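Participant: I'd like to ask you about the structure that follows.
In our numbering, the protein residues as written are 438 to 622.
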């Protein structure tokens, strides 16, 4: 069975938020895909994003399975420092405002940043590379009660690259079809 056959609902909330529902093994998985505003964008754009995201997550009963993935354009730091309840401590770099917003959001909704729970080599933590920098800005969040579902699936390096490529290609296709090709500064 192909994954698309398990999809029962897809809804575009706006150009930054999307909801997907899958039924897997009799369980409904509530997937939320996000694309947070970049650091240099207007504060009003950021505020609206977090309000819309808050409303979207608040609408899912706590007993439902929730997984959130996407480009949060935030750095959460190499150590958990005060966020041990939501952050596993396996990351890199310095925390910025976007990272603080993500960590506070996770705490508010009793979520955990799942991909910070497994030790990785630095090159496997990087989710964005430019000619001048390497960063980790893509994260997977889930309810603390669903933390056990998430496992470290790193294999030989091929899987992560393929998955990263597929996610990136999917976002680019969506951005192209929706007319959102990049953030305006």
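Glycine included, every Cβ here is placed at the ideal spot set by N, Cα and C. Computed from a predicted model, the values in this text were never measured in an experiment.
Residue ranges of each beta strand (DSSP E) run of no fewer than 3 residues wholly in the segment 493-542, ordered along the chain?
Facilitator: 502-508
Participant: Quick check: residue 636 and residue 493, are their CB atoms within less than 8 Å of each other?
Facilitator: Past the edges of the chain, shown from 438 to 622, lies residue 636, and the structure says nothing about it.
Participant: According to DSSP, is residue 449 helix, strand or coil?
Facilitator: Mapped onto the chain shown, residue 449 falls at position 12. It is a strand residue.
Participant: Label residue 460 either buried or exposed according to how many other C-beta atoms from any shown protein chain fall within 10 Å of its C-beta, with 16 as the threshold for buried.
Facilitator: Here residue 460 corresponds to residue number 23 of the chain shown, with the count starting at 1. The residue is exposed, with fewer than 16 neighbouring Cβ atoms inside 10 Å.
Participant: May I ask you to verify whether the segment 459-473 touches the segment 498-507, counting CB pairs closer than 8 Å and requiring at least 3?
Facilitator: yes
Participant: Cβ atoms of residue 454 and residue 489: under 8 Å apart, would you say?
Facilitator: Working through the chain shown from its first residue, we reach residue 489 at position 52. Working through the chain shown from its first residue, we reach residue 454 at position 17. It is a contact, given that the beta carbons lie within the stated cut-off.
Participant: Within 10 angstroms of the Cβ of residue 536, are there 16 or more other Cβ atoms? Answer buried if so, exposed if not.
Facilitator: Locating residue 536 in the chain shown gives position 99, where the first residue counts as 1. It counts as buried.
Participant: With a 10 Å radius around its C-beta and 16 neighbouring C-beta atoms as the bar for buried, classify residue 523 as buried or exposed.
Facilitator: In the chain shown, residue 523 corresponds to position 86, counting from 1. So residue 523 counts as buried.
Participant: If we ignore side chains and look at the alpha-carbon of each, how far apart do residue 518 and residue 445 end up?
Facilitator: As a first step, residue 518 must be located in the chain shown, where it is residue number 81. As a first step, residue 445 must be located in the chain shown, where it is residue number 8. Inter-residue distance for residue 518 and residue 445 is about 39 Å (C-alpha atoms, whole angstroms).
Participant: With DSSP collapsed to three states, give me the class of residue 482.
Facilitator: Stepping through the chain shown from its first residue, residue 482 is reached at position 45. Reduced to three states, the DSSP call for residue 482 is helix.
Participant: Taking Cβ positions, are residue 547 and residue 495 nearer each other than 8 Å?
Facilitator: For the purposes of this step, residue 547 is identified with residue 110 of the chain shown, where counting begins at 1. For the purposes of this step, residue 495 is identified with residue 58 of the chain shown, where counting begins at 1. Their beta carbons are not under 8 Å apart, which means residue 547 does not touch residue 495 by this criterion.
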